[in-house]
Amino acid sequence: MADSRTWMTAGLLALASGCGAQEDAVMPAAVEQALGACTHSVTTNTYDGPLYWGTLVFKNTGTVAITNPHILLDVPSGATCDYDPAGWTHTQSGRTCSFTRTSALTVAVNASYTFNYSTNSNASWTATNVRVQSDSCGGTSPGGSGLTANQKKVAEGLTSIWENDTPTLDYAYSENIYDGRGYTSGRAGFCTGTGDAIQVVQCYRALRTEANGNRLAKYWNALTVINNRFLSTGQSQASTAELDAVGSWTSDWAASFNTAATQADFKQCQDQVSDALYYTPTITEAAKWGLTQALTKAALYDASINHGFDGMKDLIRKANTALGNSGQVAPVVGYNGITESAFLQKFLEKRRDVLAADSTWVEAVDRVAAYEKQRRRGNWDLGTALRNDVRARDCWGTTYPASGYTVRNINPDGTWSTPSSYTYSCQ
Numbered sequence: 000m001a002d003s004r005t006w007m008t009a010g011l012l013a014l015a016s017g018c019g020a021q022e023d024a025v026m027p028a029a030v031e032q033a034l035g036a037c038t039h040s041v042t043t044n045t046y047d048g049p050l051y052w053g054t055l056v057f058k059n060t061g062t063v064a065i066t067n068p069h070i071l072l073d074v075p076s077g078a079t080c081d082y083d084p085a086g087w088t089h090t091q092s093g094r095t096c097s098f099t100r101t102s103a104l105t106v107a108v109n110a111s112y113t114f115n116y117s118t119n120s121n122a123s124w125t126a127t128n129v130r131v132q133s134d135s136c137g138g139t140s141p142g143g144s145g146l147t148a149n150q151k152k153v154a155e156g157l158t159s160i161w162e163n164d165t166p167t168l169d170y171a172y173s174e175n176i177y178d179g180r181g182y183t184s185g186r187a188g189f190c191t192g193t194g195d196a197i198q199v200v201q202c203y204r205a206l207r208t209e210a211n212g213n214r215l216a217k218y219w220n221a222l223t224v225i226n227n228r229f230l231s232t233g234q235s236q237a238s239t240a241e242l243d244a245v246g247s248w249t250s251d252w253a254a255s256f257n258t259a260a261t262q263a264d265f266k267q268c269q270d271q272v273s274d275a276l277y278y279t280p281t282i283t284e285a286a287k288w289g290l291t292q293a294l295t296k297a298a299l300y301d302a303s304i305n306h307g308f309d310g311m312k313d314l315i316r317k318a319n320t321a322l323g324n325s326g327q328v329a330p331v332v333g334y335n336g337i338t339e340s341a342f343l344q345k346f347l348e349k350r351r352d353v354l355a356a357d358s359t360w361v362e363a364v365d366r367v368a369a370y371e372k373q374r375r376r377g378n379w380d381l382g383t384a385l386r387n388d389v390r391a392r393d394c395w396g397t398t399y400p401a402s403g404y405t406v407r408n409i410n411p412d413g414t415w416s417t418p419s420s421y422t423y424s425c426q
């Protein structure tokens, strides 16, 4: 963990992650389809300032062809993407340039593709946060407007407080919190017993062999045995016996990030799987329901990490029904006068009730209140610094237990600090 709090508090924080699967709401077929379907490695990433020319080469390291890829990359502040390569068109939001295909393109398994772009910058640098997405990758191409780079940092930082008690994403974190899902690890609480940790390892194996420093490669057969049980039963797998017979999973997971030679590859795989399973599907789901505000998308994203994507969708259905939209008409915003604020309020209340009704989850109920406080404050674009200095009891009464999360201050650019003083309030 990121601090020296007791195991009980740390365990509750990690428990809030949900490992991408809400119990009794698992969809093994969807996990099986996504498992290893699309992964890639960026083998070249340069920008030659004097030539105004950027070059990306990515290799399809997955098990299916990547069709009509969608390439996103972040350029330095002040740089503007100003060129559409043949077969591509682009948009830019803040520092993020997003390139989509105007004609068909297929990148076969094990094949590489060279992508060139240009900006108005004459300095030399390396693009950051490079992502390659595609509809052929289990629905990972975004179907709606995503968060800006800074909004995503704020959203991920807030979720990371519930995961690891710090807005800094903890890629090295790993422990068994004894919630029936095996080892919980990494920035999104990937679990060995719910089908998402294995996807990180498969991506990582495609980038590095065991001989090349991959400490997790030796667990592959054991992970496969556990994952097959998960897929065949639809139930989270608590046992770590197969992994423990091979080595120390938690130590090897941490070392994979803490070792300089392997850190970039391991981080890339965690980011890639987190985006594919949680962030991008959430953005698409938000667009379906007409939800456009950054705060709403951040709240839905956190619910996807906490309850699993299907658990988050179930909360949407409950919110719709409570608002009189039992027919699940989409978009919901504008339907019979429903506003986005009314929807988010009801969504958070339904999520609060799910957490509060389960003895395993009730200690995580405060995480919902943080989004309710920002809704009441009207911080829709996450453009105002926010704190998690609020508990469920502050928003909805005194019957909820306090979760004990450390209060952090997150700025609109994603930087953060720990305030020396604060007052709990939902206003």
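Note that numbering that gives the first Met the number 0 has the sequence shown beginning at 0, numbered continuously upward.
Ideal Cβ positions, reconstructed from N, Cα and C, are used throughout, including at glycine.
This one's a predicted model, so the numbers in the text were calculated from it and none came from an experiment.
Here T417 is exposed. Its C-beta has fewer than 16 other C-beta atoms within 10 Å.
Note: G53 is bridge-paired with Y46, Y116 in the DSSP secondary-structure output. In the displayed model, R350 falls within a helix according to three-state DSSP. Scanning the segment 66 to 98 from its first residue to its last, the whole beta strand (DSSP E) runs of 3-plus residues come out as 69 to 73, 87 to 92. According to the DSSP secondary-structure assignment, N59 is paired through a beta bridge with H39.
About 5 Å separates the CB atoms of P166 and S159; that is less than 8 Å, so the two are in contact. Counting along the chain, N220 sits inside the alpha helix (DSSP H) bounded by residues 219 to 232. Distance from the CA of T147 to the CA of K296, rounded to the nearest whole angstrom, comes to 11 Å.
Restricting attention to beta strand (DSSP E) runs no shorter than 3 residues, the segment 116 to 198 encloses them at 127 to 132, 173 to 175, 182 to 184, ordered along the chain. Rounded to whole angstroms, the Cβ separation of L276 and D195 is 6 Å, and the two are in contact under 8 Å.
Between the segment 379 to 388 and the segment 347 to 359 there are fewer than three inter-stretch CB-CB distances shorter than 8 Å, so the stretches are not counted as touching. Here the C-alpha atom of T99 lies approximately 46 Å from the C-alpha atom of S419. Per the Cβ contact rule, the segment 249 to 258 is not in contact with the segment 271 to 289 (fewer than 3 Cβ pairs under 8 Å). Setting aside the 5 residues that flank it on each side, A321 is surrounded in the same chain by K345, each with a C-beta closer than 6 Å to its C-beta; the list follows chain order. Looking from the CA of I304, the closest CA among Y51, N163, R376 belongs to N163. Around the Cβ of K152, a 10 Å sphere holds 16 or more other Cβ atoms; the residue is buried.
Three or more Cβ pairs drawn from the segment 231 to 250 and the segment 179 to 187 lie within less than 8 Å of each other, which places the two stretches in contact. The Cβ-Cβ distance between A221 and R204 does not fall below 7 Å. For Y370, the enclosing alpha helix (DSSP H) stretches over residues 365 to 376.
Under the three-pair Cβ rule at 8 Å, the segment 109 to 126 does not count as touching the segment 362 to 376. Counting of Cβ neighbours within 10 angstroms places L50 among the exposed residues, the total staying below 16. Beyond the five residues adjoining it in sequence on each side, S325 comes within less than 8 Å, by CB distance, of N319 in the same chain, given in chain order. Separation of C190 and A154 (C-alpha to C-alpha, rounded to the nearest whole angstrom) is 21 Å.
V106 carries a strand assignment under DSSP once its states are collapsed to helix, strand and coil. The beta carbon of S97 sits closer than 8 Å to those of H69, I70, L71, H89, T90, Q91, all from its chain and outside the five residues before and after it, given in chain order.
Check the Cα spacing between E362 and each of N149, S402, K312, Q426: the tightest is with S402. In its chain, beyond the 5 residues on either side, V153, G156, L157, P166, A384, L385, W415 have a beta carbon closer than 7 Å to the beta carbon of I409.
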